[in-house]
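Just so we're aligned: 119 in the UniProt record's numbering is position 119 of the sequence shown, and the numbers increase by one with no gaps anywhere.
The beta carbon of each residue, even a glycine, is placed where N, CA and C say it ideally should be.
See structure below.
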Amino acid sequence: MKRSFSMILIFISFLVSGASSCNQDDDNINMENKTPMANGKIKITVNSQTFTATLLDNNSAMAFKEMLPMTVEMIELNRNEKYVRLPENLPMNASNPGTIRPGDLMLYGSNTVVLFYEGLNTSYSYTRMGNIDDPTGLRNALGTGNVTVTFEMDKNSALLELNK
């Protein structure tokens with residue numbers, strides 16, 4: 001009886017230590033997604049207003065950056081976001097962000113770019129790609145319906161990086 005009880009305790013300790021290491025890996029992945037990308041400044045233009053955004057240093061943001069420049073029709077959803085489906089899949093590393101801030105640029109699934117203009121709590125999973133540095137006026141610029149948005153590299157910030 002003692003031996004089987006000991007075996008059960010050993011088995012449980014393996015399960016607990018395995019779950020603990022999984023959580024550590026997830027934390028490392030989330031930390032990676034919060035690091036700004038070198039030369040990762042982009043311009044997001046809506047009508048005549050331009051916003052500067054910083055991409056994060058992850059595979060999704062790098063693949064998105066390689067697609068720029070692009071002008072797309074973004075579709076209104078839930079009075080808090082605009083989205084567009086891309087013609088090709090991007091690498092993804094989705095997790096639940098919990099809280100979304102105005103100006104967050106995220107990937108939903110592997111091919112849907114989402115630009116949030118309202119903050120909210122969410123139970124959905126996204127891959128963080130970046131965020132608008134100063135989202136003041138973003139909601140008004142995006143309006144209430146579908147809108148044409150241009151994403152392109154910010155040549156001014158790229159030149160500043162080269163001159164450093």
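Suppose you measure from the CA of residue i to the CA of residue j; what does that come to, to the nearest Å?
| i | j | result |
| --- | --- | --- |
| residue 80 | residue 110 | 20 Å |
| residue 70 | residue 42 | 11 Å |
| residue 100 | residue 131 | 10 Å |
Out of the options, state which residue places its alpha-carbon closest to the alpha-carbon of residue i.
| i | options | result |
| --- | --- | --- |
| residue 82 | 54, 61 and 140 | 140 |
| residue 78 | 149, 129 and 122 | 122 |
| residue 117 | 35, 45 and 135 | 135 |
| residue 179 | 143, 154, 129 and 93 | Nothing about residue 179 can be reported from this structure: the residues present for the chain run from 1 to 164 only. |
| residue 148 | 45, 39 and 154 | 45 |
| residue 174 | 58, 49 and 88 | With the chain covering 1 to 164 only, the question about residue 174 has no answer from this structure. |
| residue 92 | 76, 62 and 75 | 62 |
So residue i and residue j are in contact, right, with Cβ under 8 Å, and what is the actual spacing, rounded?
| i | j | result |
| --- | --- | --- |
| residue 68 | residue 151 | 5 Å |
| residue 113 | residue 64 | 7 Å |
| residue 107 | residue 60 | 5 Å |
| residue 144 | residue 66 | 32 Å between Cβ atoms; not a contact. |
| residue 74 | residue 156 | Contact doesn't hold; Cβ gap of about 24 Å is too wide. |
Closer than 6 Å by C-beta to residue i: which residues in its own chain qualify, once you throw out the five before and the five after it? Chain order, please.
| i | result |
| --- | --- |
| residue 115 | 82 and 105 |
Looking only at its own chain, which residues have a Cβ that is under 7 Å from the Cβ of residue i, when we skip the five neighbours before and after it?
| i | result |
| --- | --- |
| residue 94 | 125, 126 and 127 |
| residue 187 | An answer regarding residue 187 cannot be provided, because it is not within the stretch 1 to 164 covered by the chain. |
Which residues in the same chain have their Cβ closer than 8 Å to the Cβ of residue i, if we skip the five residues on either side of it in sequence?
| i | result |
| --- | --- |
| residue 53 | 41, 42, 43, 44, 103, 105, 130, 131, 132 and 133 |
| residue 98 | 121 and 122 |
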